[in-house]
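In what follows, a single structure is set out as structure tokens and then discussed.
Residue numbers (this note's numbering): -10 to 587.
This is the structure:
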């Protein structure tokens, strides 16, 4: 065999191999690789052996306990004496003039080491060994070896790391994933990047319960909410979603045992669920969705982005589609952040206009992400001449972030913040609920005058710059406004006015028919189950919301609230892997409205 040539650093591959103690006698077999791989033993710096060194005072009792468990439990498996090896492949090698990739080196070396494990297993009559394989395909050298006692798993890098970390859980009674600081999705890395301020609001031990009852007016439910629940997140056909603080969990369980109501714990630790909303999901370029990958664009739709990234996305759309796109600043927030609307149109003055906003509630991160996805798909299909005609004859106006101050505060400080950042000097509290600050029905039941509560309606209707800017913008196009859609989370429902009382609008029949058609289309799209009805019947009282005001003052053909996923499993803490799916649903809903617009 010719000597190996090492030209340059190319890649890094990882193999984690669990070897029993008897396999160490075969280490000389691995040494035959002629320095083609570098073995680092032991693991964890000082090694598992070094870690167990501190446990040796308990060695006798631990051994006795292990033997007792083996006698009592036939399924008990012991890993005493096993070691964890790490192989680093950090070069591309050339043999006889042919360059060999790190994967090829990895497969050959992994096969050699698997033979070591198998020989040890046959020698000591142990159970099957487990080889964790970081490889896209099984190497040819393993073909025909199916009769060997080898359990082979094909894993990607993140799965391999998580599986290995989970296998070490037996070393500690605590959940090691909380200390997995090497992973980008770990609590440590997430808090270091996004939540590194001492003022960050924490929700350790807080839970989200779903009570299987929809009549909140019942005395027992009222008593439960008053004594144990901090906030009702949603009411839908499945029940009432209510947040229980950590200090009240035990007492709330005792109360529920005394009454006849049933419930499920949807989120058992909100702090852990919050961490998941900051993570980035794995994603590969999808040839069927080319709008997901665009050069120079920060938005990936694999995670939730900051307000600055959304602004950059709008600017990128303007630069890439200058013949279609125009950016309009309709106002400023209290913290001087711009309220930017992106207009997509062919310039025909006879077009109807449809206005779509998202993110009025700061803790709702899904609707801004889904709307930007729909915008990217719309501009791409339009520029490629693949967009349906009825969508090209509409002037589209999108406000992806209607509450940028609150959104950014939720990103950095309080994940469950829902209001804007207006300050009330009398109480010292911040924020007004923008979806309760519009004029129609303002001040009615379903809001509060307490500035410290999430449903605070403001000192007066349109007291906030965000709602005033949106009002003025909508009034300026009242003569050609054909539809208004406000996206939000959560509940999977399509609602239409009214939200302050159970009344009927003059165009309710048309609203109901189009909403039902949209529900059917969404079901065909991805089997999503949406409900529909008036806002009051679907979500109870929502006085002062934007859709009711648009219906009352402008009266376009269509006015809707589209509440996206889900129905209470995650609530406002939706993981980012729902972004693309929800974006497709938003696009399909807008396509349905465009079809019905006359």
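All C-beta atoms, glycine included, are put in the ideal place defined by N, C-alpha and C.
Bear in mind that the values here come from a model prediction, so they are computed numbers and not experimental data.
Would you call residue 611 buried or exposed, if buried means 16 or more other Cβ atoms sit within 10 Å of its Cβ?
With the chain running from -10 to 587 in the structure shown, residue 611 is simply not present.
For residue 643 and residue 213, I'd like the C-alpha separation in whole angstroms.
The question about residue 643 has no answer, for the chain in this structure spans -10 to 587.
Alpha carbon to alpha carbon, what distance is there between residue 283 and residue 540?
For this step, residue 540 is matched to residue 551 along the chain shown. For this step, residue 283 is matched to residue 294 along the chain shown. Their backbone Cα atoms lie some 38 Å apart in a straight line.
Can you tell me whether DSSP reads residue 21 as helix, strand or coil?
Taking the first residue of the chain shown as position 1, residue 21 is located at position 32. Summary for residue 21: the model assigns pLDDT 41, below 50, so the residue's position carries little reliability; its value from the coordinates is reported in the next sentence. Helix.
Which of the three DSSP states is assigned to residue 270 in this structure?
In the chain shown, residue 270 corresponds to position 281, counting from 1. Note: residue 270 maps to coil in three-state DSSP.
Could you tell me whether the stretch 252 to 260 touches the stretch 188 to 199, using the rule of 3 or more Cβ pairs below 8 Å?
yes
Please list the segments of the alpha helix (DSSP H) lying wholly inside the stretch 258 to 330, counting only runs of 4 or more residues, in order along the chain.
259 to 267, 296 to 309
Measure from the alpha carbon of residue 568 to the alpha carbon of each residue in 502, 363, 351, 416, then state which is nearest.
By one-based count along the chain shown, residue 568 stands at place 579. Checking every option, the nearest Cα to that of residue 568 belongs to 363.
Could you give the DSSP three-state label for residue 587: helix, strand or coil?
Counting from 1 along the chain shown, the entry for residue 587 is found at position 598. Coil, per DSSP.
May I have a chain-ordered list of the alpha helix (DSSP H) segments no shorter than 4 residues that lie completely inside the stretch 350 to 429?
If we require 4 residues or more, the alpha helix (DSSP H) runs fully inside the stretch 350 to 429 come out as 355 to 372, 378 to 381, 393 to 401.
Cβ atoms of residue 202 and residue 228: under 7 Å apart, would you say?
By one-based count along the chain shown, residue 228 stands at place 239. By one-based count along the chain shown, residue 202 stands at place 213. Yes, the Cβ-Cβ distance between residue 228 and residue 202 is below 7 Å.
CA-CA distance, residue 338 and residue 344?
On the chain shown, residue 338 is found 349 positions in, with the first residue counted as 1. On the chain shown, residue 344 is found 355 positions in, with the first residue counted as 1. Their Cα atoms are separated by approximately 16 Å.
Measure the alpha-carbon distance for residue 388 versus residue 314 and round it to whole angstroms.
Walking along the chain shown from the start, residue 388 turns up at place 399. Walking along the chain shown from the start, residue 314 turns up at place 325. Answer to the nearest angstrom: the Cα atoms are 13 Å apart.
With DSSP as the reference, identify every bridge partner of residue 552, one or two as the case may be.
For the purposes of this step, residue 552 is taken as residue 563 along the chain shown, with counting starting at 1. According to DSSP, residue 552 bridges with 477, 482.
So, do the stretch 417 to 426 and the stretch 312 to 329 have three or more beta carbon pairs nearer to each other than 8 Å?
In the pairwise beta carbon analysis, the stretch 417 to 426 is classified as not touching the stretch 312 to 329: fewer than three pairs are separated by under 8 Å.
Is the distance from the Cβ of residue 396 to the Cβ of residue 348 below 7 Å?
Counting from 1 along the chain shown, the entry for residue 396 is found at position 407. Counting from 1 along the chain shown, the entry for residue 348 is found at position 359. Result yes, Cβ atoms of residue 396 and residue 348 sit closer than 7 Å.
Once DSSP output is grouped into helix, strand and coil, what is the label at residue 347?
The residue you call residue 347 lines up with position 358 of the chain shown. Three-state DSSP puts residue 347 in a strand.
In whole angstroms, give me the CA-to-CA distance for residue 246 and residue 475.
For this step, residue 246 is matched to residue 257 along the chain shown. For this step, residue 475 is matched to residue 486 along the chain shown. C-alpha separation (whole angstroms): 40 Å.
Could you tell me which residues DSSP puts in a beta bridge with residue 197?
As a position in the chain shown, residue 197 is number 208, starting the count at 1. Per DSSP, 232, 256.
Identify which residue in 264, 232, 181, 216 has its Cα closest to the Cα of residue 404.
For the purposes of this step, residue 404 is identified with residue 415 of the chain shown, where counting begins at 1. Among 264, 232, 181, 216, the Cα nearest to that of residue 404 is on 264.
With the cut-off set at 7 Å, would you say residue 183 and residue 260 are in Cβ contact?
If you number the chain shown from 1, residue 183 lands on position 194. If you number the chain shown from 1, residue 260 lands on position 271. In this structure, residue 260 does not lie closer than 7 Å to residue 183 by Cβ.
According to DSSP, simplified to helix, strand and coil, what is residue 492?
If you number the chain shown from 1, residue 492 lands on position 503. Looking at residue 492 - three-state DSSP - the assignment turns out to be coil, as it is neither helix nor strand.
I'd like the list of long-range same chain contacts for residue 600, defined as Cβ closer than 7 Å, with 5 residues on each side in sequence excluded.
Residue 600 is absent from the model: the chain starts at -10 and stops at 587.
Going by DSSP, what residue range makes up the beta strand (DSSP E) through residue 521?
Stepping through the chain shown from its first residue, residue 521 is reached at position 532. Its beta strand (DSSP E) spans residues 520 to 523.
Applying the 10 Å Cβ sphere with the 16-neighbour rule, what's the burial state of residue 373?
Stepping through the chain shown from its first residue, residue 373 is reached at position 384. Residue 373 comes out exposed.
Within 10 angstroms of its Cβ, does residue 366 collect 16 or more other Cβ (buried), or is it exposed?
Position 377 of the chain shown, counted from the first residue, corresponds to residue 366. Buried: at least 16 other Cβ atoms inside 10 Å.
For residue 392, tell me which candidate among 483, 408, 557, 222 has the shortest Cα-Cα distance.
Along the chain shown, read from residue 1 onward, the residue named residue 392 stands at position 403. That would be 408, whose Cα lies nearest to the Cα of residue 392.
Where does residue 221 fall in DSSP's three states?
Here residue 221 refers to the residue found at position 232 of the chain shown. If DSSP states are grouped into helix, strand and coil, residue 221 belongs with the strands.
What is the rounded straight-line gap between the Cα of residue 538 and the Cα of residue 390?
Along the chain shown, one-based indexing puts residue 538 at 549. Along the chain shown, one-based indexing puts residue 390 at 401. Between residue 538 and residue 390, the C-alpha separation is close to 19 Å.
Go through its chain and collect everything with a Cβ distance to residue 134's Cβ below 6 Å, but skip five positions before and after it.
Numbered from its first residue, the chain shown carries residue 134 at position 145. Low confidence applies to residue 134: its pLDDT is 45, below 50, so where it sits in the model is not reliable, and the reading given next is rough at best. Excluding sequence neighbours, residue 134 sits near nothing in its chain.
Pull up the DSSP beta-bridge partners for residue 504, would you.
If you number the chain shown from 1, residue 504 lands on position 515. Note: residue 504 sits in no beta bridge, so no partner.
May I have the straight-line CA-CA distance separating residue 240 from residue 204, to the nearest angstrom?
Position 251 of the chain shown, counting from 1, holds the residue named residue 240. Position 215 of the chain shown, counting from 1, holds the residue named residue 204. Approximately 22 Å, taken between the alpha carbons.
Buried or exposed for residue 267, going by 16 or more other Cβ atoms inside 10 Å?
Reading the chain shown from its first residue, position 278 is the one you call residue 267. When all chains shown are included, residue 267 counts as buried.
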